[in-house]
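For what it's worth, numbering that gives the first Met the number 0 labels the leading residue of the sequence shown as 0, then goes sequentially.
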Amino acid sequence: MQSRKEWKLSIDFAEFRQRMVDNQIRTVDVTKLSVLSAFLAVAREEFVPQDVREFAYIDEDIIISPAKGNEPARYVMAPTSLAKLVQLADIGKDDFVLDVGAGTGYGSAILSHLAGSVIALESNRDLAQAATRAFAATDCNNVVIVTGVLEKGYKAQAPYNVIFIEGAVDFVPEVLFKQLSEGGRLVVVEGHGNAGRGCLYLRKNDVISRWYDFNLAIKSLPGFLKKAGFIF
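Take a look at the structure:
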């Protein structure tokens with residue numbers, strides 16, 4: 000009988016990735032071949048903590064940073080949720096993408112296989128360092144990690160064809176819309192829990208339009224939550 004250590008060493012992560020795509024992602028109406036290929040190409044186990052690598056391909060959010068003081072916990076988004084949002088973004092090889100709330104970089108790595116280049120914005124320096132290591136381990140050469148305040152975006156490299164927000168929000172700051180190029184898209188989940196909805200914003204002739212596409216429950220992203228007011 001194999002010990003836990005021996006079993007971990009014998010894991011075929013490539014087979015797990017194939018099962019993730021076939022048995023999880025395809026079943027939620029993600030059918031775009033370029034998106035499926037990106038999920039097959041990126042080793043998710045490189046973007047989660049070492050002690051949970053064997054669980055990298057479960058269809059659940061995986062914690063990457065526990066709550067500390069006023070900082071909430073952070074997660075790698077579940078594969079099916081991420082895949083639905085990536086497909087909604089409709090990213091092509093000519094697109095320049097800003098990934099807001101990159102965490103350890105898994106979503107950014109997926110986006111890098113679809114886009115021309117990606118800026119991965121993260122506020123937590125420890126997570127940003129982990130993302131840098133993971134990008135190197137997975138040969139993601141067209142993505143760069145930067146640190147900064149998530150809700151301010153990254154003006155230095157704007158405008159972007161696509162802004163992808165990796166977490167549920169109460170609102171989208173106006174400054175992010177200003178960092179979209181003409182014809183640019185912003186993809187986000189607005190609302191929380193069962194009230195969350197995948198949303199696509201489009202900038203055209205300096206007018207921002209919005210479409211709701213599907214219900215989706217994902218973890219909240221710090222910095223994009225309204226503060227509770229006083230109730231009298």
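Ideal Cβ positions, reconstructed from N, Cα and C, are used throughout, including at glycine.
It should be emphasised that the depicted structure is a prediction, and the values quoted were computed from it without experimental measurement.
The beta-bridge partner set that DSSP reports for F163 consists of D98 and V186. When secondary structure is reduced to three states using DSSP, L224 falls in the coil class, being assigned neither helix nor strand. At a Cβ-Cβ threshold of 8 Å, V75 and V96 do not count as neighbours. When the Cα atoms are used, S107 and I61 turn out to be separated by approximately 16 Å. In the structure shown, N193 adopts helical secondary structure according to DSSP, grouped into three states.
A distance below 8 Å separates the beta carbons of L120 and Y153.
Comparing alpha-carbon positions, the option among I217, A13 and S180 lying closest to C198 turns out to be I217.
Rounded to whole angstroms, the gap between the alpha carbons of K67 and N204 is 43 Å. DSSP places E150 outside any alpha helix (DSSP H), giving it a letter other than H or E. Annotation: the continuous alpha helix (DSSP H) that includes A108 extends over Y105 to S111. Here C198 is bridged, per DSSP, to V187 and Y211.
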